[in-house]
Every structure is written in C-alpha cells, then in structure tokens.
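These notes are about the structure you will find just below.
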Amino acid sequence: MGTLGLALPWEARILCRQRERETRVEPTEHLAGGQKMASSDLIREDAQLAAACLAGDMSGYERLYAQHGARMKNVARNLLSSTTDAEDAVQETFLKVQRGIASFRGQSSFVTWTYRILINTCHDARRSRMRKKEDTGQESPDSPRPEQRAPAAHPSLRMALERALAALTRHQRDVFLLYEVEGFRHSEIAGMLEITETASKNTLFQAKKNLRGMLEPPRSSAAEAR
Amino acid sequence: MNVNCQDRDRIFENGTAEQWAALAGHAQQCRACAEETSAWNLLSVAAQEMRDYADDPALWQRIEQRLGEETERKRQRAERWGWLSSWTNVSLGWRTAAAGVLLAALTFATGWILFHGTGEIPADNRARLLKSGALAEVEKTEAAYTQAIDKLALESKVQLDNPANPLLASYREKLLVLDSAISNLREQARLNPSNAHIRRQLLAMYREKQNTLEEVLEEKR
Chain A
2 MGTLGLALPW EARILCRQRE RETRVEPTEH LAGGQKMASS DLIREDAQLA
52 AACLAGDMSG YERLYAQHGA RMKNVARNLL SSTTDAEDAV QETFLKVQRG
102 IASFRGQSSF VTWTYRILIN TCHDARRSRM RKKEDTGQES PDSPRPEQRA
152 PAAHPSLRMA LERALAALTR HQRDVFLLYE VEGFRHSEIA GMLEITETAS
202 KNTLFQAKKN LRGMLEPPRS SAAEAR
Chain B
19 MNVNCQDRDR IFENGTAEQW AALAGHAQQC RACAEETSAW NLLSVAAQEM
69 RDYADDPALW QRIEQRLGEE TERKRQRAER WGWLSSWTNV SLGWRTAAAG
119 VLLAALTFAT GWILFHGTGE IPADNRARLL KSGALAEVEK TEAAYTQAID
169 KLALESKVQL DNPANPLLAS YREKLLVLDS AISNLREQAR LNPSNAHIRR
219 QLLAMYREKQ NTLEEVLEEK R
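Protein chains in written order, with my numbering: chain A, 2 to 227; chain B, 19 to 239.
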C-alpha cells in the first residue's frame with residue numbers, strides 16, 4: 002500500500018508513549034471533570050437520563066448535551082469532515098432521540114443508543130451529500146476539506162491521519178474513530194455499530210494495519226534516514 | 019510469559035495487558051518488533067489529535083429551540099385527538115357493545131344499498147336537468163316561438179284590441195292569461211335555466227299562444 006503523500010518519521014516527530022491497555026476513557030469520564038465514575042454510577046446515571054428524556058424533561062436533554070454534546074459533535078465532525086454538517090447531525094440526533102425515546106427498550110445503554118442514532122444520522126447525511134454532489138458533478142465527498150479546527154500539537158500528523166482515514170472502509174473508519182479518538186470500549190462500539198465485540202476488535206486491527214501501511218515512510222527513505 | 023515476533027499481530031488485535039507487557043519486553047531485544055509496536059502505538063497518539071471537545075453553547079440553544087418546537091407540535095397533536103382519550107375510560111364491555119352496534123349498522127346500510135340501490139341516478143332525475151347542449155337547443159326553439167308569436171300578435175292586434183264578437187273577446191281573455199303564465203314561467207326559467215320541467219311548460223305556453231293567435235287570424239278570415 003502506498004503512502005498518502007506524507008511519510009512520517011514516526012519516532013523523530015513524536016515521543017512515542019506506550020499505550021496502557023485496558024485503561025479506556027469512559028464516555029462520561031473526561032467530560033465530567035475527569036472523575037472516574039463507578040460502573041453502577043454510570044448505569045444509574047444512564048437510566049436517569051433515559052427516564053428524564055422519556056418524561057419530556059428538557060433538563061434531561063440538557064444533561065445529555067452537557068455530558069456528550071461535545072463528543073457527539075466531534076464524532077460527527079470526524080465522520081462528515083465538516084463542522085456545519087456535524088452540528089446539523091447532532092441536532093437531528095437529539096430530535097430523533099426525542100421522537101424515538103418511547104421505543105427505547107433498554108437493550109443497550111441509553112447513551113450507546115444515542116450514539117447509534119448519531120452514527121446512522123451521519124451516514125445518512127454523508128450519503129445524501131454524496132448524491133447531491135453526484136447530481137451537481139462536484140468533487141468526491143470523501144476527500145477531506147480543509148477546515149478551521151482547534152490548534153493541534155501535530156497538525157501535519159492529524160492531516161495525514163485524516164487523509165488516510167478517508168481511504169479506509171466505512172466500518173474501519175467508524176471503529177477507529179470510536180475507539181482511538183473517542184475512547185469508547187469495544188463493548189460500547191459493538192452496541193453502537195450493532196456488531197460483536199470480536200468484530201470490533203478485528204476491524205480496529207485491520208484499520209490500524211491499513212493506516213500503518215498508508216502512513217509508513219517508504220522503506221528506502223527510512224533506510225537513508227538511518 | 020514469553021512472546022516472539024509471530025505473536026505480535028495477535029497481541030495487536032486482542033492482547034491482554036500481560037501480553038502487551040511481554041511484547042514490550044521482547045521489543046527491547048527485537049528491533050523489528052520495537053519499530054512495529056512503536057508505530058502501532060503512535061497511531062493511537064495521532065488519533066488524539068482528532069479530538070476537539072470545545073464547548074458549544076450556541077449549538078445547545080439551537081437544539082433546545084428545536085426540541086421545544088417539537089414538544090409544542092406534539093402537544094397540539096395530542097390536543098386535537100384528546101377526545102379519543104376519554105374513550106379509553108369506557109369499560110371494555112361497553113366498548114365491545116358499541117363496536118358491535120356500529121358493525122351491525124354498517125352491515126345493514128351496506129345490505130340496504132346492495133338490495134335497493136342500483137348505484138345509478140334515476141331516469142326521472144336525469145331528465146329533470148338539462149345539459150348545456152340541450153339547453154341551447156331549447157333556448158333556440160323558444161326564440162323561434164317568440165319571433166313567430168310577435169309576428170302573429172302584430173297581425174291580430176286590431177281584432178284583439180276591438181273584439182267584434184264574444185269569441186274574439188274570449189280569445190283576448192285567454193291570451194292575457196297565457197301572457198301572465200308565460201311571464202311567470204320566464205322568471206322561473208331565468209332563476210333555474212336547466213330545469214327541464216319549467217322549460218317544457220314554457221314551450222307549451224308559447225305553443226298555446228301561437229295556436230290561439232292563429233285561431234284569431236282564422237276568425238278574421
């Protein structure tokens with residue numbers, strides 16, 4: 002697999018950290034002031050959120066937004082490569098949650114269910130954007146558009162990763178973004194994408210393998226660097 | 019735990035913390051595994067660059083407004099169909115009975131229509147209304163009658179104004195009655211031009227007046 006125009010001298014650019022396994026960031030953890038919540042607290046909080054939203058209590062939706070809004074927008078932005086489209090997708094997700102809360106049966110957590118709606122909404126938006134662009138004969142929607150984002154420590158690395166992600170399959174991209182960027186567990190991703198945990202792990206492995214191939218510096222230049 | 023280069027991909031895919039620690043130990047002696055592990059972990063570090071959790075209160079305001087609008091729409095819909103909710107307070111027995119009565123009434127009505135109705139407009143009723151083509155034809159005939167009557171009236175005017183005998187006097191009386199009836203029918207026809215019955219009566223009156231005037235002229239000869 003070829004590179005995407007940016008060969009990264011990995012070790013020279015970033016101080017590599019050994020990723021600590023099994024220390025996943027909880028969905029609510031870093032957004033709730035970094036305090037680690039116990040699993041039972043998370044379940045209770047999730048049930049309370051669902052109950053408040055089911056009752057039509059606006060404060061329930063406000064809490065949902067306070068806890069997950071920023072992350073939802075980030076997920077949508079990475080899936081749609083557009084802040085405006087991401088905001089529309091988040092808004093649409095909240096409306097879909099409001100319309101569909103009566104049909105929520107608690108087979109997964111409320112938050113997982115919400116993210117599933119968000120991801121499906123993003124895919125729908127992406128498809129409709131693709132159709133629109135096909136009709137007007139514009140450029141492919143998969144090509145990322147440069148957009149003003151929060152300053153990053155390694156903007157070139159992010160750009161290279163964004164371009165490489167666009168070349169992955171939809172499933173691989175979804176799993177990589179949810180696991181590596183958003184910090185969800187495989188069990189949560191399985192619920193969101195309606196796949197098994199094993200499939201989530203395997204898809205992540207394939208995604209990273211492909212990314213590794215795309216972002217790897219050409220062997221010859223790497224050898225010369227040494 | 020001992021791991022080697024062949025275990026690397028398996029650990030990358032689904033390794034436990036212990037296996038990762040063993041791989042790190044192995045990587046200290048194996049340059050290829052060190053590079054691969056480092057690059058693999060670097061992808062996770064790079065992914066953090068794609069995180070942007072900046073607060074966006076404006077988006078919440080937008081969402082809140084849309085949620086409010088949706089709630090209001092739901093409330094209005096519920097109000098519109100609210101009367102149906104009282105139906106749920108009625109006991110199941112009464113609901114079943116009412117449904118039975120409704121079903122029986124529907125069955126009876128359907129049966130009655132099937133046995134008694136042909137589904138067509140009765141011929142009499144159809145004849146009571148004139149279509150535009152027939153109406154034009156009738157108006158043309160009426161105009162022809164009027165023209166002929168005016169001509170005859172002019173010729174018989176002298177006899178009728180000064181009737182020479184009782185017969186002519188009675189013809190004069192008859193024509194006055196016919197004129198009154200014609201005037202009355204014309205007014206009705208003006209208000210209801212497609213009414214075939216009125217038009218038929220009017221034509222009969224014209225015919226009668228024409229015949230009467232012809233008889234007056236016959237009497238003159």
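Backbone N, C-alpha and C define an ideal beta-carbon position, used for all residues, glycine too.
CB-CB under 8 Å to residue i, same chain, minus the five flanking residues each way: which ones, in chain order?
i	result
Ala191(A)	Thr197, Glu198, Ala200, Ser201
Leu41(B)	Val21, Asp25, Arg26, Ile29, Gly33, Cys51, Thr55
His124(A)	Leu80, Arg171
Ser150(B)	none
Thr230(B)	Tyr189, Lys192, Leu193, Leu196
Asn210(B)	Ile216
Glu36(B)	Met19
Ser174(B)	Leu231, Val234, Leu235, Lys238
Leu220(B)	Glu160, Ile200, Leu203, Arg204, Ala207
Is residue i helix, strand or coil by DSSP?
i	result
Asn75(A)	helix
Glu195(A)	coil
Thr84(A)	helix
Tyr66(A)	helix
Arg186(A)	coil
Gly100(B)	helix
Ser109(B)	coil
Val21(B)	coil
Ala1(A)	Because chain A here runs from 2 to 227, residue 1(A) falls outside it and cannot be looked at.
Ala182(B)	coil
Thr24(A)	Note that Thr24(A) scores 43 on pLDDT, short of 50, meaning its location in the model is unreliable and no value can be drawn from it.
Asp197(B)	helix
Asp58(A)	coil
Thr29(A)	In this predicted model, Thr29(A) has a pLDDT of only 43, less than 50, meaning its place in the structure is not dependable enough to derive any value.
Thr230(B)	helix
Glu217(A)	coil
Gly34(A)	Interpretation of Gly34(A) is limited by its pLDDT of 42, a score under 50 that renders its predicted location unreliable; the figure taken from the coordinates is listed afterwards. If DSSP states are grouped into helix, strand and coil, Gly34(A) belongs with coil.
Have a look at the DSSP bridge pairing and note the partners of residue i.
i	result
Asn210(B)	Paired residue(s): none; Asn210(B) is not in a bridge.
Which same chain residues end up closer than 7 Å to residue i when comparing Cβ atoms and leaving out the 5 residues on each side of it in sequence?
i	result
Val266(A)	A question about residue 266(A) goes unanswered here, because the residues of chain A that appear run from 2 up to 227.
Gln173(A)	Thr204, Gln207, Ala208, Asn211
Leu185(B)	Glu237
Trp38(B)	Ile29
Arg95(B)	none
Show which residues of chain A have a CB atom less than 9 Å away from the CB atom of residue i.
i	result
Phe30(B)	Phe206, Lys209, Lys210
Trp99(B)	Correct list: empty, because the minimum Cβ distance to chain A is about 16 Å.
Leu41(B)	Ordered by position in chain A, no residue passes the 9 Å Cβ test against Leu41(B), which lies about 10 Å from the chain.
Mind pulling the chain B residues with CB within less than 9 Å of residue i?
i	result
Met59(A)	Glu82, Leu85, Gly86, Thr89
Val182(A)	Ala65, Gln66, Glu67, Met68, Arg69
Leu162(A)	Leu61, Ala64, Ala65, Glu67, Met68
Can you give me the start and stop residues for the alpha helix (DSSP H) that residue i sits inside?
i	result
Asp168(B)	150-179
Asn32(B)	26-32
Asp47(A)	40-55
Val63(B)	49-66
Phe111(A)	111-137
Leu162(A)	156-167
Gln37(B)	35-45
Arg247(B)	Here chain B comprises residues numbered 19 to 239, so residue 247(B) is not present and cannot be evaluated.
Gln108(A)	Counting along the chain, Gln108(A) falls outside any alpha helix (DSSP H), and DSSP gives it neither H nor E.
Asp175(A)	171-177
Is any non-hydrogen atom of the ligand SAM found closer than 7 Å to the C-beta of residue i, if you look at the structure I gave you?
i	result
Leu216(A)	You won't find the ligand SAM in this model; it holds no ligand whatsoever.
Under 6 Å Cβ to Cβ from residue i, same chain only, skipping five residues before and after it: list those, please.
i	result
Thr94(A)	Ile118, Leu119, Thr122
Val156(B)	Arg217
Cys23(B)	Cys51
Ser110(A)	Asp47
Ala90(A)	Ala77, Thr122, Cys123, Ala126
Ala87(A)	Lys74, Ala77, Arg78, Leu81
So which residues of chain B does residue i contact, with C-beta pairs closer than 7 Å?
i	result
Ser95(A)	Sequence check: residue 95(A) is Phe here, not Ser. In chain order: Ile81, Leu85.
Glu189(A)	Per Cβ cutoff of 7 Å: no residues; Glu189(A) is ~16 Å from chain B at best.
Arg213(A)	Ala57, Trp58, Leu61
Using a C-beta to C-beta distance shorter than 8 Å, which residues of chain B count as neighbours of residue i?
i	result
Arg159(A)	Ala64, Glu67, Met68
Val91(A)	Leu77, Ile81
Glu88(A)	Asp74, Leu77, Arg80
Gln99(A)	Leu85, Glu88, Thr89
Q) Mind listing which residues of the segment 114-142 of chain A have their C-beta closer than 9 Å to chain D's C-betas, in chain order? A) The structure shown contains no chain D; its protein chains are A and B.
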